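**Q**
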């Protein structure tokens, strides 16, 4: 097969050509008793889209003599993917017609072999400045939830650059798993791929979350309607880098008023405060503001409810609302006040979760979601979803010749910001309406503590 996608790169036309499409199936048949993977209520309410992550790798060095040809790289990636799918077998299945389970009959995941007509360094030089360029490497496979019966739950695109280098796009349907699951899959795949270097594979995942949190027939009747801001706006995206020196300064400032603050807390707080300042410039006064803050629940539930081992595959996270209402119309909150607000909101929910029954956790989830949806629908509140993949082993995913040079997410069509570990700090990808983005780029804190990659 041959399918060509083009995108203009500052006057240069980038072309990606799909050379081959394969279905990669588990190396061992899925046992009959695992043929139906039931979805939990966390999976039921997962967002209706696929989640791509892109890993950019340098050329294979000469000492890896067995990987000097493109065909050998694809073969190693495909064989190791086939092996890891025996553990993550739902990814090779298909969503059932009623949407309550994944039918696991080893139908396979899509693997696309592709090439691009530019060099890796040439592309990265432009992509750091224009973050939307990475989407050209995402598999052109529609796997939205409404179209899922008979469609794959996972798609891979491995694109070779001229003169070496690889862009590896890993895309799974959110119904199948959250950010933790997606990162764990790639991490395990990489470990299998480099087995010749003596790595041990002993990570096991639980697939019985549904036994603790079964699906609910009327769950969508309990959740208010609403969606993030920005679908009706023209969204601009920028990448802001916070190096460890800047993060240390922020933590030093905050820790004068509290015993400890994390890297993610101080960067999240700074970006949120800057967004509040941008809104004040637009309206002339402070407005109520809300974060939709994602928390990974693994290790946070009561052992008597979910067991000691909480390494669940699938979706097991909670979005919580964190609201700030200023008592002054034209003053900024102190950074430690924002960090304290985030910390207290998170700790309050986690303390409730730690001692809660399955039914009580369900009620907490519904209440949090409805507060967020109310924020979506309230024009007097500025709401920003945010999530972090910091401390996830994204930058360690070595398939046998090198760790990735860069790991990237794909921009979203609504207002949101993501945090990820960079080589020397934290990378923040901020999606915001165009007018506000122009103000954010000039914000005093953003200018002082971050930089835009060159």
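Numbering (full-length UniProt numbering), first residue to last: 1 to 454.
In this text, a Cβ means the ideal position worked out from N, Cα and C, and glycines have one as well.
Just so it is clear, the structure is predicted and the values come from calculations on it, not from any experiment.
1. Mark residue 382 as exposed unless 16 or more other C-beta atoms lie within 10 angstroms of its C-beta, in which case mark it buried.
2. Tell me which same chain residues have a C-beta within less than 6 Å of the C-beta of residue 128, skipping the five on either side of it?
3. Under three-state DSSP, which class holds residue 387?
4. Anyone know if the C-beta pair for residue 295 and residue 270 falls short of 7 Å?
5. Rounded C-beta distance between residue 246 and residue 450? I'm assuming under 8 Å.
6. With which residues is residue 321 paired in a DSSP beta bridge?
7. So what does residue 238 bridge to, in DSSP terms?
8. Compare the C-beta of residue 435 against all C-beta atoms of chain C and say whether one is closer than 7 Å.
9. Between the beta-carbon of residue 176 and the beta-carbon of residue 106, is there less than 7 Å?
10. With respect to the alpha helix (DSSP H) encompassing residue 456, which residues constitute its N-terminal and C-terminal limits?
11. Can you tell me the Cα-Cα spacing of residue 123 and residue 410, whole angstroms?
12. Would you call the segment 309 to 323 and the segment 214 to 228 in contact, with 3 or more CB pairs under 8 Å?
13. When we look at the beta-carbon of residue 257 and count the other beta-carbons within 10 Å, is it buried (16 or more) or exposed?
14. What do you reckon, are the CB atoms on residue 35 and residue 205 nearer than 7 Å?
15. Does DSSP classify residue 423 as helix, strand or coil?
16. With a floor of 4 residues, list each alpha helix (DSSP H) that falls wholly inside the segment 21 to 106, ordered by position along the chain.
17. What are the boundary residues of the alpha helix (DSSP H) that residue 279 is part of?
18. Alpha carbons only, please: which of 98, 51 and 168 is nearest the one belonging to residue 403?
19. Quick check on DSSP: helix, strand or coil for residue 373?
20. Just checking, does the segment 69 to 80 make contact with the segment 130 to 142 on the three C-beta pairs under 8 Å criterion?
21. Please state the DSSP three-state secondary structure of residue 210.
22. Could you give the distance in angstroms between the alpha-carbon of residue 187 and the alpha-carbon of residue 284?
23. How close, in whole Å, do the beta carbons of residue 93 and residue 241 come, if the pair is a contact with beta carbons under 8 Å?
24. Smallest Cα separation from residue 32: which of 447, 370 and 104?
25. Taking one C-beta from the segment 266 to 281 and one from the segment 325 to 336 each time, how about it: are there three or more such pairs within less than 8 Å?
26. Across the segment 287 to 304 and the segment 336 to 356, are there enough close Cβ pairs to call them in contact, namely three or more that are closer than 8 Å?
27. Exposed or buried, which one is residue 390 when buried takes at least 16 other CB atoms within 10 Å?
28. Whole-angstrom Cβ separation of residue 458 and residue 267, contact assumed at under 8 Å?
29. Excluding five sequence neighbours on each side, which residues of the same chain lie with their C-beta closer than 6 Å to the C-beta of residue 333?
30. Within this structure, are the beta carbons of residue 443 and residue 274 separated by less than 7 Å?
31. Smallest Cα separation from residue 445: which of 112, 414 and 250?
32. In whole angstroms, what separates the C-alpha of residue 100 from that of residue 346?
33. Under 7 Å, do residue 207 and residue 362 count as touching if we go by C-beta distance?
**A** In short:
1. The sequence position of residue 382 within the chain shown is 382, counting from 1. Counting the other CB atoms within 10 Å of its CB gives residue 382 a total of 16 or more, which places it among the buried residues.
2. The residue given as residue 128 occupies position 128 in the chain shown. Same-chain partners within the cutoff: 453.
3. The sequence position of residue 387 within the chain shown is 387, counting from 1. Of the three classes helix, strand and coil, the one that applies to residue 387 here is strand, per DSSP.
4. Start at 1 with the first residue of the chain shown, and residue 295 comes out as number 295. Start at 1 with the first residue of the chain shown, and residue 270 comes out as number 270. It is not a contact, given that the beta carbons lie outside the stated cut-off.
5. In the chain shown, counting from the first residue as 1, residue 246 sits at position 246. In the chain shown, counting from the first residue as 1, residue 450 sits at position 450. Indeed, because the Cβ distance is near 7 Å, the residues count as touching under 8 Å.
6. Working through the chain shown from its first residue, we reach residue 321 at position 321. In the DSSP assignment, residue 321 forms a beta bridge with 292.
7. Here the question's residue 238 lines up with position 238 in the chain shown. Under DSSP, residue 238 takes part in a beta bridge, and its partners are 430.
8. Absent here is chain C; the protein component of the structure consists of one chain.
9. Here residue 176 refers to the residue found at position 176 of the chain shown. Here residue 106 refers to the residue found at position 106 of the chain shown. Not in contact: residue 176 and residue 106 (Cβ atoms no closer than 7 Å).
10. The structure shown does not extend to residue 456, since the chain is modelled only from 1 to 454, so the question has no answer here.
11. Translated into the one-based positions of the chain shown, residue 123 becomes position 123. Translated into the one-based positions of the chain shown, residue 410 becomes position 410. Cα to Cα, residue 123 sits roughly 15 Å from residue 410.
12. No, the segment 309 to 323 is not in contact with the segment 214 to 228.
13. As a position in the chain shown, residue 257 is number 257, starting the count at 1. In this structure residue 257 is exposed. Its beta-carbon is surrounded by fewer than 16 other beta-carbon atoms within 10 angstroms.
14. Reading the chain shown from its first residue, position 35 is the one you call residue 35. Reading the chain shown from its first residue, position 205 is the one you call residue 205. No, the Cβ-Cβ distance between residue 35 and residue 205 is not below 7 Å.
15. As a first step, residue 423 must be located in the chain shown, where it is residue number 423. In this structure, DSSP gives residue 423 a state outside helix and strand, which the three-state scheme calls coil.
16. List check, alpha helix (DSSP H) in window: 41 to 44 and 70 to 84.
17. Against the chain shown, residue 279 aligns to sequence position 279. In the DSSP assignment, residue 279 falls within the alpha helix (DSSP H) that extends over 263 to 283.
18. Here residue 403 corresponds to residue number 403 of the chain shown, with the count starting at 1. When 98, 51 and 168 are compared, the shortest CA-CA separation from residue 403 is found for 168.
19. Position 373 of the chain shown, counted from the start, is the residue given in the question as residue 373. If DSSP states are grouped into helix, strand and coil, residue 373 belongs with the helices.
20. Taking a cut-off of 8 Å on C-beta distances, the segment 69 to 80 does not touch the segment 130 to 142, as fewer than three cross pairs fall below it.
21. Position 210 of the chain shown holds residue 210. In the three-state reduction of the DSSP assignment, residue 210 falls in the helix class.
22. Start at 1 with the first residue of the chain shown, and residue 187 comes out as number 187. Start at 1 with the first residue of the chain shown, and residue 284 comes out as number 284. C-alpha separation (whole angstroms): 47 Å.
23. As a working mapping, residue 93 is identified with position 93 in the chain shown. As a working mapping, residue 241 is identified with position 241 in the chain shown. Not really, about 39 Å apart at Cβ, beyond 8 Å.
24. Here residue 32 refers to the residue found at position 32 when the chain shown is read from its first residue. That would be 104, whose Cα lies nearest to the Cα of residue 32.
25. Cβ pair count under 8 Å is three or more, so yes.
26. Contact between the segment 287 to 304 and the segment 336 to 356 is present, because at least three Cβ pairs lie under 8 Å.
27. For the purposes of this step, residue 390 is identified with residue 390 of the chain shown, where counting begins at 1. Buried is the call here.
28. Outside the modelled stretch of the chain, which goes from 1 to 454, sits residue 458, for which no answer is possible.
29. Position 333 of the chain shown, counted from the start, is the residue given in the question as residue 333. The beta carbon of residue 333 sits closer than 6 Å to no other beta carbon from its chain once the five residues preceding and following it are set aside.
30. Within the chain shown, residue 443 is the residue found at index 443, counting from 1. Within the chain shown, residue 274 is the residue found at index 274, counting from 1. The answer is yes: Cβ separation under 7 Å.
31. Walking along the chain shown from the start, residue 445 turns up at place 445. Selection 112, 414 and 250 evaluated against residue 445 yields 250 as nearest (Cα-Cα).
32. Stepping through the chain shown from its first residue, residue 100 is reached at position 100. Stepping through the chain shown from its first residue, residue 346 is reached at position 346. Roughly 30 Å separates the two Cα atoms.
33. Counted from its first residue, the chain shown places residue 207 at position 207. Counted from its first residue, the chain shown places residue 362 at position 362. The Cβ atoms of residue 207 and residue 362 lie no closer than 7 Å to each other.
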